[in-house]
């Protein structure tokens with residue numbers, strides 16, 4: 001796959017991942033669950049920054065991770 005195509009796909013996938021985490025946040029039933037979801041959200045935003053900078057390691061990771069869904 002050409003790198004720019006992978007980048008476009010990775011951007012879409014990380015956006016979907018973040019949206020899924022926000023949905024989890026709405027469903028959190030306890031402060032502990034909310035804290036876990038907040039950590040996942042923080043990590044996803046960090047990953048988004050790496051993807052936005054075109055880091056292939058993170059681009060390939062999100063494609064592989066979300067491709068399993």
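Numbering (my numbering), first residue to last: 1 to 69.
The beta-carbon is built from N, C-alpha and C at its ideal position, and this holds for glycine as well.
query, result
"For the region 18–54, list the alpha helix (DSSP H) runs that are entirely contained and at least 4 residues long, ordered along the chain.", "31–52"
"What residues in its chain sit with their C-beta under 7 Å from that of residue 13, if we drop five residues either side in the sequence?", "62, 63, 66"
"Below 6 Å CB to CB, which residues in the same chain sit around residue 44 once its five sequence neighbours on both sides are set aside?", "17, 18, 21"
"Under a three-way DSSP split, which group does residue 68 fall into?", "coil"
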